[in-house]
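The block underneath contains the structure these notes are about, expressed in structure tokens.
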């Protein structure tokens with residue numbers, strides 16, 4: 007590749023995990039990101055309400071802001087009611103943020119495990135990527151992923167593991 011070819015390479019930046027509020031401040035954040043060369047942003051839902059808000063906000067930016075729909079492990083005790091319907095929206099590009107977080111345990115581990123497994127099923131059903139939040143629950147994360155067959159497009163957003171956990175995630179085909 008020549009120097010001219012290298013100089014003409016245009017990187018396209020994507021923020022694949024942000025939490026932007028549906029507000030004037032949030033709109034300003036999107037415009038600032040676009041001004042810095044970020045082409046696309048994925049606004050992540052953490053429960054039914056924030057998933058709905060992320061979808062509504064993404065409608066204002068047809069070509070640059072997309073959303074996810076899911077329930078964060080901290081909110082797992084709320085269950086997944088209403089999330090499946092949101093996944094039908096064309097602005098939703100992934101399932102989650104979901105997973106297990108035993109560091110804080112804001113929701114009972116049994117609820118977290120059940121809701122995480124349901125998210126995996128939804129990712130398969132809708133053929134969408136899965137966005138995982140994993141903290142202090144590695145053995146169970148991998149056990150559930152293996153029992154459910156990890157979606158072909160899986161991203162560990164919150165990754166607090168070490169080299170051993172990274173290797174396991176990569177061996178499943180996930181991104182870190």
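Numbering (my numbering), first residue to last: 7 to 182. For every residue, glycine included, the Cβ atom is placed at its ideal position computed from N, Cα and C. Keep in mind the model is a prediction, meaning the values are calculated, not measured.
The Cβ atoms of residue 60 and residue 44 lie no closer than 9 Å to each other.
In the three-state DSSP reduction, residue 63 falls in the helix class (H, G or I). Under the three-state reduction of DSSP, residue 52 is assigned to coil, being neither helix nor strand. In this structure residue 145 does not touch residue 108 by the C-beta definition: roughly 10 Å separates them, more than the 8 Å allowed. Beta-bridge analysis with DSSP links residue 19 to 44.
Note that the C-beta distance between residue 76 and residue 103 is below 9 Å. At a Cβ-Cβ threshold of 9 Å, residue 137 and residue 79 do not count as neighbours. Under the criterion of beta carbons closer than 8 Å, residue 73 and residue 98 qualify as touching, at roughly 6 Å. Annotation: the continuous beta strand (DSSP E) that includes residue 141 extends over 136–141. Looking only at 119, 16, 156 and 110, the smallest Cα-Cα distance to residue 131 is reached by 156. Looking at the backbone, the Cα of residue 152 and that of residue 30 are separated by about 42 Å. Straight-line spacing of the CA atoms in residue 170 and residue 180 works out to 14 Å. The beta carbons of residue 140 and residue 106 sit closer together than 9 Å.
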